[in-house]
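Engineer:
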Amino acid sequence: MSENFYEFLKEKDKEILKICVIENTGNCGVNGIKEIIGRSKHLIKEMNVVEDAKFINALMYEISKDGLYFYSLNDAGNALNYGAIDVLLLTNRFFNEHRKECVEIIKAVKNKGGRIHIT
3 MSENFYEFLK EKDKEILKIC VIENTGNCGV NGIKEIIGRS KHLIKEMNVV
53 EDAKFINALM YEISKDGLYF YSLNDAGNAL NYGAIDVLLL TNRFFNEHRK
103 ECVEIIKAVK NKGGRIHIT
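Residue 88 in my numbering sits at position 86 of the sequence shown; the count goes up by one each step and never skips.
1. For the beta strand (DSSP E) containing I39, name the first residue and the last one.
2. Starting from V111, follow the alpha helix (DSSP H) in both directions and report where the run begins and ends.
3. Excluding the 5 residues flanking L11 on each side, which residues of the same chain have their C-beta closer than 7 Å to its C-beta?
4. Following the continuous beta strand (DSSP E) through L92, name the residue where it begins and the one where it ends.
5. Touching or not, the stretch 63-77 and the stretch 31-50, by the rule of three or more beta carbon pairs under 8 Å?
6. Pick from D77, V32, E48, L90: whose alpha carbon is nearest that of R117?
7. Start and end of the alpha helix (DSSP H) containing F18?
8. Going by beta carbon distance, what residues of the same chain come within less than 7 Å of T27, once the five residues before and after it are set aside?
9. What residues in its chain sit with their C-beta under 7 Å from that of C30, if we drop five residues either side in the sequence?
10. With 16 as the cutoff for other CB atoms within 10 Å, does V51 come out buried or exposed?
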């Protein structure tokens, strides 16, 4: 059955295959869904790692050319005043240590159309 679905997707939209994973299951209904979710946890973790790496590489590129980046909450506030935050990259640890300030900055960045990524 999954081979037929794969062929259908291949004919209809090859681009979607780049983001799809097709898995077989030995169960139907809710049990089948639980089985697939259980097996897919590692894929989700891998996708998060890839996403983290993308943002970190972009940050390292900016640092290497002395480009557009900042390290502190104070700098974040200054960048916000200019509407200059496209992506706010935070670590879980930093977020947890400075939760109140981070929540305020995150709200402001989102209001100005910026993106948030917490690694």
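Glycine residues also receive a C-beta, built at the ideal position from the N, C-alpha and C atoms.
Structural biologist: By the coordinates alone:
1. For I39, there is no enclosing beta strand (DSSP E); the enclosing alpha helix (DSSP H) covers residues 31-66.
2. Counting along the chain, the alpha helix (DSSP H) containing V111 begins and ends at 101-113.
3. Cβ neighbours of L11 beyond the five flanking positions: I18, L19, C22.
4. Per DSSP, L92 is one residue of the beta strand (DSSP E) stretching across 89-92.
5. The stretch 63-77 makes no contact with the stretch 31-50; the number of CB pairs closer than 8 Å stays below 3.
6. Each of D77, V32, E48, L90 was checked against the Cα of R117, and the nearest Cα belongs to L90.
7. A small correction: the amino acid at residue 18 is Ile; Phe does not occupy that position in the sequence shown. Run containing I18: 16-19, per the alpha helix (DSSP H) assignment.
8. Annotation for T27: G34, E37, I38 place their beta carbon closer than 7 Å to its own, counting only its chain and skipping 5 residues before and after.
9. Result list for C30: empty, nothing under 7 Å.
10. Residue environment for V51: exposed (fewer than 16 other C-beta atoms within 10 angstroms of its C-beta).
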